[in-house]
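This report refers to the structure that appears directly beneath it.
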Amino acid sequence: MPDFVGAVDQGTTSTRFMIFNHNGLEVCKFQLEHEQILPRAGWVEHNPIEISTRTSAVIETALQRTGLHDTDLAAVGITNQRETTVVWNPRTGRPYCNAIVWQDTRSNKIAAQLERDGRGEVIRRKTGLRPDAYFSGGKIQWILENVDGVRQAAGRGEAVFGNTDTWTLWNLTGGARGGVHITDVTNASRTMLMDLETLEWDDELLSFFGIPREMLPEIRPSSEPPSYGSTTAYGPFGGEVPITGILGDQQAATVGQVCFSPGEAKNTYGTGNFMLLNTGTELVRSERGLLTTVAYKFAGQPAVFALEGSIAVTGSAVQWLRDQLHIIRTSAQSEDLARQVADNGGVYFVPAFSGLFAPYWRPDARGAIVGLSRYNRDAHLARATLEAICYQSRDVVEAMQQDSGVVLDVLKVDGGVTSNNLCMQLQSDILGVPVSRPVVAETTALGAAYAAGLAVGYWKDTDALRANWAEDRRWEPEWNDEQREKGYAGWKRAVSRTLDWET
Ligand code: G3P
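Residue numbers (our numbering): 17 to 519.
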């Protein structure tokens with residue numbers, strides 16, 4: 017058995033390739049960002065060709081830097097930004113248009129029409145989701161209706177859909193020279209097209225969006241022996257490595273954080289924040305604005321489900337301070353700036369740039385900075401931004417506890433923003449529970465590697481993965497209850513000011 021397992025993490029802002037050893041420790045990481053294309057307010061696109069070129073580049077560079085070869089890898093896993101929609105011609109490998117990113121709100125009208133047509137209830141019951149521009153179904157419909165020739169091409173088998181897991185897998189397994197057209201259950205569970213009970217595409221749902229079934233990839237488990245397909249000698253690996261794991265990035269982080277028992281949860285701080293609570297093999301339906309989603313399905317075992325609280329804008333609000341307001345030069349500087357003041361000075365920032373996701377689901381919301389007085393300065397805004405990340409997570413925790421009855425005694429965290437120690441302290445203060453960060457904070461790539469490694473016996477079982485988890489740092493609450501409740505009440509008032517802006 018080769019010594020290592022690889023993972024491609026095709027995320028919203030960058031694509032990285034990581035190599036892990038048997039202890040789940042990082043051997044190598046290399047990543048490249050890609051362009052965020054923002055053609056109009058509310059639209060967010062990526063160039064799929066740029067993504068596949070950068071995927072090849074990060075793999076090649078990581079292998080060169082470590083001196084490792086395809087033969088050193090027991091398997092490769094793929095994890096990805098979910099929902100982002102690519103439609104391409106499988107004969108030529110050319111996409112018909114840019115990828116429509118999960119944050120893109122252009123299909124708001126399609127989602128609203130579904131509710132008006134009385135289809136919302138069927139969608140909620142079958143998919144665990146709610147009609148919203150966030151999910152892939154409306155994005156595919158938008159492409160079929162608005163990009164010249166795609167509907168006709170789909171009829172000829174010349175237009176296929178994939179999220180970026182499928183696009184990456186198809187390219188790595190040969191592309192137009194025989195790439196496989198496959199997704200996994202976790203990604204499929206974010207399309208509004210899969211029935212959570214059958215784990216198959218559903219004809220009634222497809223008819224709501226007018227999507228031909230032939231466009232869709234085959235749905236497979238998240239970890240699959242012998243493989244979905246192998247990499248090719250002419251691709252970036254330079255040889256045949258089995259690709260045996262696929263998980264949407266938030267589900268991958270759940271696996272990387274070894275949340276294998278019902279009641280275990282993780283919160284990932286990336287472009288957005290995504291909290292997932294393992295609910296076991298039982299489908300728990302939310303009464304409070306959370307989504308029901310597939311957490312993972314390992315080959316030969318039943319699917320495990322999760323309740324998810326999705327927050328659209330967290331780390332990207334820090335990027336906004338950097339790129340649009342220019343009050344910091346690097347995201348990390350948000351911590352130094354925010355530390356220059358003892359509190360938020362009465363300022364709340366609700367970064368509802370794509371409307372508000374969980375638990376509000378208000379596409380009409382837009383961002384607001386409230387509570388300003390002449391006393392306030394850049395540092396208060398930086399602090400309010402970090403607090404916004406934490407208050408949005410508190411909204412989700414409240415909903416999760418009410419829906420599931422599970423009371424969190426510790427919050428496991430991961431993702432880029434968790435290197436911001438002030439933000440993690442604030443998270444503990446705002447929630448009133450300890451916050452725990454693992455040694456390997458790259459849990460997304462790790463989870464994909466775990467799914468791939470389990471399939472080929474590189475790791476024996478989930479107990480072997482549990483044994484790899486270790487805590488790096490823990491934050492304990494420092495605020496008293498009065499501070500905490502006063503702060504949260506202010507946040508709720510600020511949120512109420514953001515609603516009804518966009519109709
Ligand atoms: O649902 C969207 C999510 O999968 C994106 O995650 O980490 O790429 O921002 P990330």
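Glycine included, every Cβ here is placed at the ideal spot set by N, Cα and C.
For residue i, verify whether its CB is less than 8 Å away from any heavy atom of the ligand G3P.
i: Ser-326; result: yes
i: Thr-121; result: no
i: Tyr-150; result: yes
i: Arg-146; result: no
i: Trp-485; result: no
i: Glu-458; result: no
i: Leu-173; result: The sequence given here has Gly at residue 173, not Leu. No, Cβ of Gly-173 sits at least 8 Å from all heavy atoms of the ligand G3P.
i: Arg-32; result: no
i: Gln-97; result: yes
i: Phe-290; result: yes
i: Trp-336; result: no
i: Thr-207; result: no
i: Gly-154; result: no
i: Gln-266; result: yes
i: Gly-305; result: no
i: Trp-118; result: yes
i: Thr-287; result: yes
i: Gly-272; result: no
i: Thr-28; result: yes
i: Thr-284; result: yes
i: Gly-448; result: no
i: Gly-431; result: yes
Below 6 Å CB to CB, which residues in the same chain sit around residue i once its five sequence neighbours on both sides are set aside?
i: Cys-406; result: Leu-442, Gln-443 and Ile-446
i: Ala-249; result: Gly-255
i: Pro-493; result: Ser-444, Asp-445 and Gly-448
i: Lys-155; result: Thr-101, Ile-116 and Ser-123
i: Val-386; result: Tyr-364, Ala-510 and Arg-513
i: Ala-78; result: Phe-33, Cys-44 and Phe-46
i: Arg-453; result: Val-429, Thr-434, Asp-488 and Arg-489
i: Glu-351; result: Asn-436 and Leu-438
Taking 8 Å as the limit between beta carbons, can you name the residues of its chain near residue i, skipping five residues before and five after?
i: Ser-435; result: Ala-348 and Ala-457
i: Leu-221; result: Val-138, Ile-139, Lys-142, Thr-143, Gly-153, Met-208, Leu-209, Met-210 and Asp-211
i: Gly-27; result: Asn-96, Gln-97, Asp-265, Gly-286, Thr-287 and Thr-460
i: His-50; result: Thr-29, Ser-30, Thr-31, His-62, Asn-63, Glu-66, Ile-67 and Arg-70
Could you pull the DSSP bridge partners for residue i from this structure?
i: Ile-53; result: Glu-61
i: Ser-246; result: Pro-258
i: Lys-282; result: Leu-292 and Lys-428
i: Trp-491; result: Val-451
i: Arg-523; result: Residue 523 lies beyond the residue range present for the chain, which begins at 17 and ends at 519; the question has no answer from this structure.
i: Cys-44; result: Ile-35
i: Tyr-312; result: Val-320
i: Leu-307; result: Glu-324
i: Ile-235; result: Thr-199
i: Val-456; result: Answer by DSSP bridge pairing: none, since Val-456 is not bridged.
i: Gly-264; result: Asn-96
i: Ile-385; result: Phe-365
i: Phe-177; result: Val-103
i: Asp-211; result: Glu-216
i: Ser-30; result: Glu-49
If you follow the beta strand (DSSP E) that residue i is in, where does it begin and where does it stop?
i: Asp-25; result: 20-26
i: Ile-343; result: Where Ile-343 is concerned, there is no enclosing beta strand (DSSP E), given that its DSSP letter is neither H nor E.
i: Thr-95; result: 89-96
i: Val-433; result: Taken as a continuous stretch (DSSP letters only), Val-433 belongs to no beta strand (DSSP E), as it is neither H nor E.
i: Tyr-364; result: 364-366
Which residue marks the beginning of the alpha helix (DSSP H) containing residue i, and which one marks its end?
i: Ile-139; result: 136-143
i: Thr-478; result: 478-482
i: Arg-9; result: Residue 9 cannot be examined here, being either before or after the span of the chain that is shown, 17 to 519.
i: Phe-225; result: 219-225
i: Asn-187; result: 180-188
i: Gly-171; result: 166-171
i: Ile-511; result: Note that residue 511 is Val in the sequence shown here, rather than Ile. Run containing Val-511: 497-512, per the alpha helix (DSSP H) assignment.
i: Asn-124; result: 124-132
i: Asn-392; result: Run containing Asn-392: none; DSSP gives neither H nor E here.
i: Val-102; result: Val-102 -> not in any alpha helix (DSSP H); beta strand (DSSP E) instead, spanning 102-104.
i: Gly-154; result: 152-162
i: Ser-353; result: According to the sequence displayed, residue 353 carries Leu and not Ser. Residues 349-354.
For residue i, which residues of its own chain have a beta-carbon under 7 Å away from its beta-carbon, when the five flanking residues on both sides are left out?
i: Thr-330; result: Tyr-285, Gly-288, Asn-289, Ile-405, Gln-408 and Val-433
i: Arg-81; result: Cys-44 and Phe-46
Taking 9 Å as the threshold (beta carbon to beta carbon), is residue i in contact with chain B?
i: Ser-277; result: Of the chains in the structure shown, none is chain B; there is only one protein chain.
Does the pairing of the region 256-266 with the region 101-117 give three or more beta-carbon distances under 8 Å?
no
Report yes or no: do three or more beta-carbon pairs, one from the region 17-24 and one from the region 79-96, lie closer than 8 Å?
yes
For the 8 Å Cβ check, are there 3 or more pairs between the region 185-193 and the region 113-123?
Remark: fewer than three beta-carbon pairs, one from each stretch, lie closer than 8 Å, so the region 185-193 and the region 113-123 are not flagged as touching.
Hey, is the region 469-484 in contact with the region 46-57, meaning 3+ C-beta pairs nearer than 8 Å?
no
Does the region 163-183 come within contact of the region 226-242, defined as at least 3 CB pairs closer than 8 Å?
yes
Contact between the region 317-327 and the region 289-306 is defined here as three or more beta-carbon pairs at a separation below 8 Å; is this criterion met?
These segments touch.
Between the region 388-402 and the region 333-346, can you find at least three pairs of beta-carbon atoms closer than 8 Å?
yes
Contact between the region 233-242 and the region 303-320 (3+ Cβ pairs under 8 Å)
yes
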